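In full-length UniProt numbering, the protein residues as written are 1 to 764. No residue lacks a Cβ here, since even glycine has one placed at the ideal position from N, Cα and C. Values in this document were obtained by computation on a predicted structure and should not be read as measured data.
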């Protein structure tokens, strides 16, 4: 039969948000090849084990036999229901081999209603199975091999959904590659939630991407993907299953709650606490100069930067490249920013392929320039520079690829930050000539910025500022940021500085963010991040640093390769090794990593940065089980500071002075490329489900001993039954004693960086 050759599947689901219940669904689609694996062994237990490992709420199954001779006359779906403990719904498409052949569902809850709809299929009849639940509808189908029938099916499915008010998922093997007419037709109304690039067939060496899960957007539904992946199962069927953990938009009464009322409703969203790894894309006018550090706009007006040595090159660079600061100020930098090669679809798809589970985009910096279509501030990227809505473009792409979307705002300190722009050279040929900050709107006549007032960019000269003026600045800040989080339906807001920006004005922005989310989702599904310690609704940010211990609440560590904007002043502070080590350390302490990607002024990624990102992405894909959805163990690590205790491969007591000296080499308290490499036995721990993951940060071939996993440890680990290395099929020798867990690290490892061992039995 031709369907056996092409291994087709399609899975369609309609979903609504349960206001009082769980905000996410775990969805799976699997072409099970009537239970026969690539080894031609009929094994229903093996199929059930693949499903049970992922704990799905609903599974769409294709190529499901019922009482056919080739499966011994049994009820395949019924057997799988027993093995998984799930309800079953069957839709036979054809009579075959003495029985039936078709599609089916496994679901945790019994459907309220069932509907079976025929679809076009000239080589064989096709079927759409629709199961209605209290809060969502889930459908499954197996489309035709021919493009004409596929397109006809897509049209029919679209008509079926025209009046559907609930969010909709469409997923599966469409017998269509990502760039095919079928997929293009689908994406007029659907967004791909499973990446759309991951290969699923043949299972032992996937070469084609024809399995998908998509979300229906034509009715205004929005989707936030916490986790998606192709399940790594090479034998049980000829397809690998696809999986997504997704939350969806719902309804909530129109209301604005007070801060105290919001606190009573708030819980940190699962999409954030399970994601663990996000990308922050930074671009702006300050990306234009190649030298000058991350505060270029400030330091370009400072002949002497004092202790802020990272900006040491800005003044001289600007004078040489742009001209005297009294004639060619920051307005010239803005004018030269074009972002001419910016392709947000390509970037977001790439970030997602690296394993990022959410995206944050730079909305404004201390330079008081907005990267969005601001109604309340004329100095923005739509009116000038690239003439593009940078935030809007990234937001559209994030929705397209199913990533939660966030913005960063750094604008509240601009009045003081811009003070050097009101000065003048203290020496040289331009001594005493005022910088651009003192120019007026009239000075723009004949210049590119004619009609724009520099005072709206730099602020009024310091001597003209009054309390009333500063109050208006704060009110303008509130309007701009409220527009930002509302217009772009922001899921995450990251703010710079300490505490709330401008006090209660900043707090009001977060109140808007949370109330918007409450109305859209029926619960607060948004995240606020700031440098705060005691705000129950905000994630604590540790900039360029890491917590010293496991924190009982979510926190984030943000990192960049050099400066926050792309610059070539200094060597890279981080490489793939340090990023992987930091990610492991952060997650082991209940944090999320937000990794800054310093986009060049044209909107592209520097090759040397992309090489690092590619290696990080490879590691994350291999070791994702230890990252996504993980939580800390009772301790975050073992054999701490062993790099300072190795003397001829014997462990001795660390010298306190050495530890202090080593810490002083670090950037804040985070390791960099200049830090001494970790000892070969230093580890970090994460937990996911019943599995303990042991991350060996700097592995060497040989035996590693982990004392905290010994029977005599104060952490009281259970008896370990198995150990395996993620990304490898090698047998790992291990033994557990009173003193430690001993494991052999083989010569051949999945990457040249940290290795991760999955340990069974340690979690009691």
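_Rounding to the nearest angstrom, what Cα-Cα distance links residue 341 and residue 202 in this structure?_
36 Å
- Work out the CA separation of residue 26 and residue 86 for me, nearest whole Å. 14 Å
For the segment 610-626 against the segment 299-313, are there 3 or more C-beta pairs whose distance is under 8 Å?
-> no
Q. If we count Cβ pairs, one from each stretch, closer than 8 Å, do we get three or more for the segment 532-541 versus the segment 573-587?
A. no
Please return the same chain residues whose Cβ sits closer than 8 Å to the Cβ of residue 348, not counting the five positions on each side in sequence. 359, 394, 397, 398, 400, 401 and 403
| said: Considering Cα atoms alone, identify which of 59, 707, 108 and 529 is closest to residue 509. | reply: 529
- request: Note down, in chain order, each residue of its chain lying with its Cβ closer than 8 Å to the Cβ of residue 759, except the 5 sequence neighbours on either side.
  value: 691, 692, 693, 694, 709, 720, 722, 723 and 741
If you draw a straight line from the alpha carbon of residue 323 to that of residue 296, how long is it in whole angstroms? 15 Å
Notebook entry, point to check: How close, in whole Å, do the beta carbons of residue 99 and residue 67 come, if the pair is a contact with beta carbons under 8 Å?
Noted result: 4 Å
* Asked: Going by DSSP, which residues form a beta bridge with residue 192?
  -> 214
Next item on the list: Could you give the DSSP three-state label for residue 589: helix, strand or coil?
Entry: coil
Discussion item. Considering only the alpha carbon of each residue, which of 408, 406, 435 and 379 lies closest to residue 451?
Written reply: 379
Under the three-state reduction of DSSP, which class applies to residue 150: helix, strand or coil? helix
Exercise. Have a look at the DSSP bridge pairing and note the partners of residue 241.
Key: Residue 241 is not bridged to any residue.
Kindly give me the distance between the Cβ atoms of residue 718 and residue 762, rounded to whole angstroms, as I take these residues to be in contact under 8 Å.
-> 5 Å
Practice task
Under the assumption that residue 364 contacts residue 409 (Cβ atoms under 8 Å), give the Cβ distance between them as a whole number of angstroms.
Solution key: 6 Å
Limits of the beta strand (DSSP E) - the one that residue 799 falls within: Outside the shown range of the chain (1 to 764) lies residue 799, about which nothing can therefore be said.
Next item on the list: Verify whether the separation of the beta carbon atoms of residue 420 and residue 298 is less than 7 Å.
Entry: yes
My understanding is that residue 446 touches residue 435, with C-beta atoms under 8 Å, so please give their C-beta distance in whole angstroms.
Not confirmed; about 19 Å, so no contact.
Buried or exposed, going by whether 16 or more other CB atoms sit within 10 Å of the CB of residue 433?
exposed
>> Which residue wins for smallest C-alpha separation from residue 595, given the options 153, 563, 703 and 491?
In response: 563
Margin query: Using 7 Å as the threshold, is the C-beta distance between residue 48 and residue 42 below it?
Written below: no
**Asked** Mapping DSSP to helix, strand and coil, what is residue 179?
**Response** coil
Between which two residues does the alpha helix (DSSP H) holding residue 395 run? 390-400
For residue 439 and residue 454, what's the separation of their Cα atoms in angstroms?
6 Å
Can you find at least 3 beta carbon pairs, one from the segment 110-126 and one from the segment 137-151, that sit closer than 8 Å? yes
Next on the checklist: For residue 337 and residue 484, what's the separation of their Cα atoms in angstroms?
Outcome noted: 22 Å
If you draw a straight line from the alpha carbon of residue 653 to that of residue 715, how long is it in whole angstroms?
Annotation note: pLDDT 41 at residue 653 (below 50); position unreliable, coordinate value reported separately. Looking at the two C-alpha atoms, the distance is approximately 22 Å.
query: Considering only residues of the segment 334-377, which uninterrupted alpha helix (DSSP H) runs meet the minimum length of 4 residues and lie entirely inside it, listed in chain order?
result: 344-353
Practice prompt. Assuming residue 346 and residue 617 form a contact by the criterion Cβ under 8 Å, report the distance between their Cβ atoms to the nearest whole angstrom.
Written response: Residue 346 to residue 617, Cβ: 15 Å. No contact.
- [ ] Would you mind sorting residue 540 into buried or exposed? The rule is 16 or more other CB atoms within 10 Å of its CB.
- [x] buried
Give the C-beta separation of residue 558 and residue 543 to the nearest angstrom, bearing in mind that I take them to be a contact with Cβ-Cβ under 8 Å.
6 Å
Contained beta strand (DSSP E) runs [length at least 3] in the segment 517-569, N- to C-terminal order: 527-531, 538-543 and 555-559
*Strand pairing of residue 132, partner residues [DSSP]*: 113 and 137
- Query: Exposed or buried, what is residue 222 when buried is set at 16 or more other beta-carbons lying within 10 Å of its beta-carbon?
  - Reply: buried
_Residues near residue 387 in its chain [Cβ-Cβ closer than 7 Å; skip 5 each side]_ = none
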